[in-house]
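Protein chains in written order, with numbering that gives the first Met the number 0: chain V, 0 to 291; chain A, 0 to 265. Glycine residues also receive a C-beta, built at the ideal position from the N, C-alpha and C atoms. Written below as structure tokens is the structure these notes are about.
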Amino acid sequence: MSGRTPGEAIFPAALLPRIYAGARQGIAVYSAFLRNSFLVMLAYRLRYYTGICSYLLFVAAHYFIWQAVFAGHPAGARIHGFTLAEMTTYVSVGWIARSLYFSNIDYDVDELVRSGQISTFLIRPIQFHAVMIVQGAGEALFRLLFFTVPIGAVILLLFPVSAPAGTAAFCLFCLSTALGFLILAEVSFLVGTLSFRLKSIQGIIRSKYFLIQVLSGLLLPPPFFPAWFQPVIDALPFKHVAYVPLQLYLGQISTAQAWEPLCSQVLWAAACAVLAEYALRRSFAHLAVQGG
Amino acid sequence: MIYRSVALYAAYFAQFLKARLAYRADFAASLLSNLVGGAAGVLFVFFLMDGKTITNLRGWSREEILLIYGFSTIAMALFSFVSFNLFRFGDRYIVQGNFDRVLLRPLNSLCQVLFETFNIESLGTLAVGLAVVSYAGRRLGIAFTAMDYLWLLLGSLSGALILLAVFIFVASLSFHFEDRLGVSAPVYNLINFSRYPLPIFHPVIQFILQWIIPFAFSAFYPAAYFLKRPELLPYCYAVPAVAVVSLAIAGTAWSFGVRRYCSTGS
């Protein structure tokens, strides 16, 4: 007599139907979440018009700042390796891409923890971490269609944006931006887990917002940073969110060399995911849901 | 009557302070993150205007730009000290129906909304702004006489009041169009333009910032007092007047909205 229950003794081959069933259930659960986040975002239509306006204003402000920067240099001059045309493209495409990869996962986690709704997530047989990332991806997909495309169209109409370095470069830029989304999503989730311990993380979310604008290279390409600051940029994952994809777009990284930054993006995404999962598990001990 | 109101709002503030300081670690984290957030913005200007390759923006020197940016940071910090509820006015007060509670009290409705929450953390941003202004001021050889300090106070207060007036106006639109978010986000992003010398922007943008949404008077013109550019001085001295007029317009829009207000019933 062995103490095993029959279920534990089955052969790997017999496991396949269960894995299949599990995967089907998982996809069903996650696609329901995906559909839900689509609907929630549809309900706030004004947010889109104002959002498109906001992006246009960001690009316009930086467009004029760069115009003024290059006004002091002879025509066609390169500053830290960038011409004015390249810099205009950098800023415009950078903000178009940002409309896709930016997510509010930290804010959403904070909202769930503070309202106590997180308990309804935790009693279901689903992975909270994965749900939040997939939900973020669903929102990104939504933004791609209804936000990134119109923003891109308006910006391309108004500002002199150069075409990508080539078809391959453009595909690599898209792939790299998707990986950038994943890195930022995991970092945001990590910041969100702080809400288990702190009463309010609004201030931290806001400063993360400003820090990432600078550290990702969105506002200023890293070659413009002073030499002493370069190690900081290289030690952090943020340049892989904005700067690396834009280098691919501009052809500053050739398609033949592209595997290297793409690999480090994958590694950074994995590292951030592991760290976020670890932080989440450590945080559960601090969770206190009142009633509900 | 005024004395009573001031005493009451002081009590509001004391009460808020007690609640906020109940969680010290949390407050310290917020204060620090505000400091970091403010510093990150300045970092962009510091790194861009390195003084070697890039020394000026269409003739505006690195120090002049830092001074304008610092001035803007101070005005923004003062503004964000009381403005938090304006950004969620449509959601929290109109859609969720909290404005009914405000109207039940025999106090000015706008003051109640403004003074129900304070963003004490913005002191972190204020510190960054003061540091940048004093750095740029010293590099520009400003003596910082008593008169200069007085203008720093008057100019940044007026700047903050102009920002406040614009967002009171925007919030008052929620009385007519029920929406959780409203249009405050793009208007807020417009502030970005006011943190740099106005003449570097397109004439249309200059016109809007000067005559329609007067953000140019929130930082650029007040800072011009310290810059040796006499052609800007008339605008500079107009700053307090612009603040008063903007507040009057915003106050009128608010009262008009209050009279038209009907509860959502929630």
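8 Å CB neighbourhood of residue i in its chain, flanking five on each side removed
i	result
A:E62	A135, R138, L139
A:L129	G69, I73
V:Y248	T88, V92, P163, A164, A168, F169, F172
V:R3	Below a pLDDT of 50, predicted positions are generally treated as unreliable, and V:R3, at 40, falls in that range; the measurement from the model is reported next regardless. If we look at V:R3 and ignore the five residues flanking it on each side, it has no Cβ neighbours.
A:N188	none
A:L232	A223, Y224
V:L197	I203
Where residue i meets chain V, residues with beta-carbon distance less than 9 Å
i	result
A:Y195	A60, F63, I64, A67
A:F86	Those within 9 Å of A:F86 in chain V number zero; the least Cβ separation is about 12 Å.
A:I212	Simply none; closest approach about 12 Å.
Pair within 8 Å by beta-carbon distance, residue i and residue j
i	j	result
A:Y8	A:F114	yes
V:E185	V:C271	yes
A:F166	A:S82	yes
V:I211	V:P221	no
A:V186	A:V169	yes
A:S157	A:V244	no
V:Y100	V:G179	yes
A:V241	A:P213	yes
V:F69	V:L83	yes
V:T176	V:P73	no
A:L56	A:I67	no
A:E177	A:V94	yes
A:F46	V:P225	yes
V:L183	V:V240	yes
V:L55	V:V153	yes
V:P236	V:W258	no
Chain V contact residues for residue i, given Cβ-Cβ distances below 7 Å
i	result
A:R57	A67, A70
A:L107	Residue identity check: residue 107 of chain A is Asn in the sequence provided, not Leu. Neighbours of A:N107 on chain V: none; closest Cβ ~27 Å, over 7 Å.
A:E120	G202
A:L189	L56
Same chain, Cβ closer than 7 Å to residue i, five either side skipped, listed in chain order
i	result
A:S262	G96, D99
A:R19	F26, I119
V:Y106	I204
A:A159	A74, L77, F78
A:R266	Because residue 266 of chain A is not part of the residues shown, which for chain A are 0 to 265, the question remains open.
V:T147	I95, S98, L99
A:F143	G136
A:G50	R61
A:W253	L109, I167, S171
V:S187	S102, I104, D105
V:G50	F146
A:L208	F192, S193, L197, F214, A215
Boundaries (first-last residue) of the alpha helix (DSSP H) holding residue i
i	result
A:E177	Premise fails: A:E177 is in no alpha helix (DSSP H) and is neither H nor E.
V:A272	258 to 282
V:E85	83 to 100
A:M75	61 to 81
A:N33	23 to 47
V:Q229	229 to 234
V:Y106	104 to 114
A:D90	That residue, A:D90, is in no alpha helix (DSSP H); it is neither H nor E in DSSP.
A:R3	1 to 20
V:E185	166 to 192
V:S161	Neither: V:S161 is in no alpha helix (DSSP H) and is coded neither H nor E.
A:M224	Position check: residue 224 of chain A holds Tyr in this sequence, whereas Met was assumed. Per DSSP, A:Y224 belongs to no alpha helix (DSSP H) and is neither H nor E.
Chain A contact residues for residue i, given Cβ-Cβ distances below 9 Å
i	result
V:V213	A39, G40, L42, F43, F46
V:T254	Here the premise fails: no neighbours, minimum Cβ distance about 30 Å.
Contact set for residue i: own chain, Cβ-Cβ below 6 Å, skip 5 residues either direction
i	result
V:P16	none
V:I200	D109, L193, S194
V:S282	T192, F195
A:A249	A164, I167, F168
V:F120	F127
V:L286	F195
Residue i: contacting residues in chain A (beta-carbon distance under 7 Å)
i	result
V:R46	L180
V:K198	Y22, D25
V:S53	A184, P185, N188
V:L219	F43, F46, L47
Contacts of residue i in chain A (Cβ-Cβ under 8 Å)
i	result
V:R205	S32, N33, G36
V:P225	F46, D49
V:L274	In chain order: nothing, as chain A lies at least about 19 Å away.
V:L210	V35, G36, A39
Under 8 Å by beta carbon: chain V residues contacting residue i
i	result
A:I199	F63, I64, Q66, A67
A:T54	G71
For the stretch 70 to 96 of chain V, which residues have a beta carbon sitting closer than 9 Å to at least one beta carbon of chain A? A70, G71, H72, I78, H79
Name the residues in the stretch 141 to 173 of chain V whose C-beta lies less than 8 Å from a C-beta of chain A; which are they? none
The stretch 175 to 193 of chain V: which residues have C-beta closer than 8 Å to a C-beta of chain A, in chain order? none
Name the residues in the stretch 106 to 138 of chain V whose C-beta lies less than 8 Å from a C-beta of chain A; which are they? none
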